[in-house]
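Visitor: Please read through the structure below; I'll follow up with questions.
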Amino acid sequence: MAPQALIVVLSLASDEQTARQAVQRGASDYLVKGHVDGHWLPRALRYLIERQATHDELRSSEARFRAMSDASPLGIFVSDAQGGCIYTNAAYHKISGLSFDETLGTRWSRAIHPDDRQRVLAEWGEAVRGLAPFQTEFRFLQYDQSIVWTRVNSGAMSDGMAPHGRVETVEDITERKTAEFVLQAAEDRLFEERERAQVTLNSIGDAVLCTDLAGNVSYLNLVAEAMTGWSYQEALGRPLAEVFRIIDGNTRAPAASPAERAIRLNRTVELAADCLLVRRDGFESAIEDSAAPIHNRDGRVAGAVLVFHDVSESRAMALKMAHLAQHDFLTGLPNRVLLTERLAQAIGLAQRRHKQVALVFLDLDYFKNINDSLGHAIGDQVLQSAAARLTAAVRASDTVCRQGGDEFVILLAEIEQPLDAALVAEKLLEAFAVPHLIGKHELHVTLSIGISVYPDDGSNVDNVLQNADTAMYHAKASGRNNYQFFRSDMNTRAVRRQFLESGLRRALKQGEFRLHYQP
């Protein structure tokens, strides 16, 4: 402990060594007698008292500095002009894993992780040469191989003329770095997931479009770009109705937004049938679509996703298949399937409105001769020509059907009286009086026409159709090129003829015929 009394040693000039030893043992100072004058003692005492006070203040200041330094969470490393350590605080010892004795006289770079050393020393060298402040982040490697991430700030100490050392503050940023690494890893995973999702969305054949809660576009994939005509950058933030413009294929009116419905109902919804997507350039395509709400992590609706694809080809194919199922391939006329449907509808409508329906059954006279003599190709052209003439001779509301072979049927819906059907039959006979020009051939084809009228000649589809067929055969038996209305006695004769034909076939099959005379 420092003495409180002032101790001064007086020595002879020749015994200065003894005086110095006394100072080392606690004396405040020493004076050599040979230099003493009359005013020496008061001045010497005053000087020594002031010097002792200064020394005590320095010791107290140093103690306060050490206390504050050791209380600081920042590590402190002070080096002299040669870079050797002259002071470190407690925080530095904890961060570096080195004691004061281990750091004294060494350089601050001693604890740097080998993998960081080259980079850090290069940055340090530039700062020292330029007398500039130095700041960087790197790792300390402790004796037990523990790694501590640090942030170091360094500045030069100068007396105004030349630097005589540097001070480094060292902050332990391990927790922050760990959090950064965790966050970076999460961001990397999120980026990878987004990239995978983006590749997936751009690889699938469906268009994908997303909106926010306000109905503005927030995403669309490459297929959606192609189908809407909008690029991602152009569409971003625009109202959905501007980018995804859909109309009713039948009424041409704007269709309801499926995204708005999905958000409002908070469930998956389907696009209305027969909707068309109008591309940015006006091109229209049939689409099928579904929309589902997008939820945030709290479960609240945050937007909607639409998934849609072009069904123009499949819809056109479906329409074509439906057309082929109900129409004759050669002539394009409705076939017997469609005729049966329309006849049933016409009978139902006539029943409610108290109207009549006529069925005109036609057969091309001598058509078989044309087929056999000129071939099926010419025969097919005759059938096409006949179909065109039949269609031109009736109303647009009437149905012209090819029943099969050389037979046609015309449905006359809502006639006032049977005479209306007779007028149509006469018009048809007149139209077929003109020969058909097929290649170099002028081919004359006439008609055998049978007519049945609902409700007089039948109360249902089968009866009306069968009776018209019966009347047609009666017209053919009556010399062809004429028309006949069905009469009830026609069925009697038809039944009798059918009975006779069946009996003859059975007798022939069973060998019941006997030849009695052969001229």
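The opening residue of the sequence shown carries number 756 in the numbering used here; numbering runs sequentially from there. Every residue, glycine too, gets a C-beta built ideally from N, C-alpha and C.
Which residues mark the beginning and the end of the alpha helix (DSSP H) in which Phe-855 is found?
Guide: Counting along the chain, the alpha helix (DSSP H) containing Phe-855 begins and ends at 855-858.
Visitor: Compute the distance between the beta-carbons of Leu-1167 and Ala-1176, then report whether it is under 8 Å.
Guide: Yes, the pair counts as a contact, with Cβ atoms nearer than the cut-off.
Visitor: Write down every uninterrupted run of the alpha helix (DSSP H) in the segment 1008-1057 whose length is 4 residues or greater and which is fully enclosed by it, in chain order.
Guide: Segments of the alpha helix (DSSP H) lying fully in the segment 1008-1057: 1013-1020.
Visitor: If we call anything under 8 Å between Cβ atoms a contact, is Ser-834 one with Trp-879?
Guide: Result no, Cβ atoms of Ser-834 and Trp-879 do not sit closer than 8 Å.
Visitor: Secondary structure at Tyr-847, three-state DSSP: helix, strand or coil?
Guide: Here Tyr-847 sits in helix by DSSP.
Visitor: Thinking C-alpha only, which one of Asn-908, Leu-1138 and Val-1179 is nearest Ile-831?
Guide: The candidate whose alpha carbon is nearest that of Ile-831 is Asn-908.
Visitor: Counting only runs that start and end within the segment 1139-1218, where is the beta strand (DSSP E) found for 3 or more residues in a row?
Guide: Counting whole runs of 3 or more residues, the segment 1139-1218 contains the beta strand (DSSP E) stretches 1154-1159, 1162-1170, 1191-1193, 1196-1198 and 1202-1209.
Visitor: By the three-class DSSP mapping on this structure, what secondary structure does Gly-1134 have?
Guide: DSSP places Gly-1134 in helix when its eight states are reduced to three.
Visitor: Nearest-angstrom Cα distance between Gly-1205 and Phe-1116?
Guide: So the two alpha carbons sit approximately 5 Å from each other.
Visitor: For Tyr-1272 and Gly-1213, what's the separation of their Cα atoms in angstroms?
Guide: Distance between the alpha carbons of Tyr-1272 and Gly-1213: 47 Å.
Visitor: Nearest to Val-903 by CA position, among Gln-890, Glu-930, Gly-885 and Glu-923, is which residue?
Guide: For Val-903, the nearest C-alpha among the options comes from Glu-930.
Visitor: Three-state secondary structure (DSSP) at Pro-1274?
Guide: Correct three-state label for Pro-1274: coil.
Visitor: Could you give the DSSP three-state label for Ile-928: helix, strand or coil?
Guide: Three-state result, Ile-928: coil.
Visitor: Check whether the segment 1116-1132 touches the segment 1061-1070, taking contact to mean three or more Cβ pairs, one atom from each stretch, closer than 8 Å.
Guide: Touching, no.
Visitor: Any idea what DSSP makes of Ile-831, helix, strand or coil?
Guide: Looking at Ile-831 - three-state DSSP - the assignment turns out to be strand.
Visitor: Taking Cβ positions, are Ser-1012 and Leu-995 nearer each other than 8 Å?
Guide: For Ser-1012 and Leu-995, yes; Cβs fall inside 8 Å.
Visitor: Where Glu-935 and Phe-946 are concerned, what is the direct C-alpha to C-alpha distance, given to the nearest angstrom?
Guide: Taking the straight line from one Cα to the other gives about 16 Å.
Visitor: Indicate the three-state DSSP secondary structure (helix, strand or coil) for His-1078 in the structure shown.
Guide: Correct three-state label for His-1078: helix.
Visitor: To which residues of the same chain is Ala-882 closer than 6 Å at the C-beta, ignoring the five residues directly before and after it?
Guide: Counting only Cβ-Cβ distances below 6 Å, and skipping sequence neighbours, we find Phe-889.
Visitor: Tell me, please, which residues DSSP counts as bridged to Phe-1063.
Guide: DSSP, once it has assigned bridges, lists Ala-962 and Asp-1044 as partnering Phe-1063.
Visitor: Look up Trp-904 in the DSSP assignment and give the residues it is bridged to.
Guide: DSSP output for Trp-904 lists Arg-894 as bridge partner(s).
Visitor: Measuring alpha carbon to alpha carbon, tell me which of Glu-1171, Pro-1190, Gln-1172 and Val-1092 ends up nearest Val-1155.
Guide: With distances taken between Cα atoms, Val-1155 lies closest to Val-1092.
Visitor: Report, in whole angstroms, the separation of the C-beta atoms of Phe-895 and Ile-928, which I expect to be a contact under 8 Å.
Guide: That pair is no contact at about 11 Å.
Visitor: Does the beta-carbon distance from Ala-1186 to Tyr-1238 come in below 8 Å?
Guide: Cβ distance not < 8 Å, so Ala-1186 and Tyr-1238 don't count as in contact.
Visitor: According to DSSP, simplified to helix, strand and coil, what is Phe-1268?
Guide: Coil at Phe-1268, not helix or strand.
Visitor: Give every residue of the same chain whose Cβ lies closer than 8 Å to the Cβ of Leu-1270, excluding the five residues on either side of it in the sequence, and list them in chain order.
Guide: Within the same chain, Leu-1270 has no close Cβ partners at all.
Visitor: From the DSSP output, read off the bridge partner residues of Val-1115.
Guide: Looking at the DSSP assignment, Val-1115 forms a beta bridge with Ile-1165 and Ile-1206.
Visitor: Is it the case that the segment 970-983 contacts the segment 998-1015, given that we only count it when at least three CB pairs across the two stretches are under 8 Å?
Guide: Output reads yes: the segment 970-983 touches the segment 998-1015.
Visitor: Looking only at C-alpha atoms, which of Ile-867, Ala-979 and Arg-1097 sits nearest to Asp-1044?
Guide: Among Ile-867, Ala-979 and Arg-1097, the Cα nearest to that of Asp-1044 belongs to Ala-979.
Visitor: One question on the structure: do Arg-1035 and Asn-1090 come within less than 8 Å of each other, judged by their Cβ atoms?
Guide: No. Outside cutoff.
Visitor: Looking only at its own chain, which residues have a Cβ that is under 7 Å from the Cβ of Thr-1086, when we skip the five neighbours before and after it?
Guide: Correct list, in chain order: Leu-1138, Gln-1139, Ala-1142 and Arg-1157.
Visitor: Between which two residues does the beta strand (DSSP E) carrying Ser-1319 extend?
Guide: The shown model of the chain, from 756 to 1274, leaves out residue 1319, and the question about it has no answer.
Visitor: If you run the structure through DSSP and keep just helix, strand and coil, what is Leu-1255?
Guide: Looking at Leu-1255 - three-state DSSP - the assignment turns out to be helix.
Visitor: Report the option in Thr-858, Phe-893, Glu-857 and Thr-861 whose CA atom is closest to the CA atom of Asp-870.
Guide: Nearest option by C-alpha distance: Phe-893.
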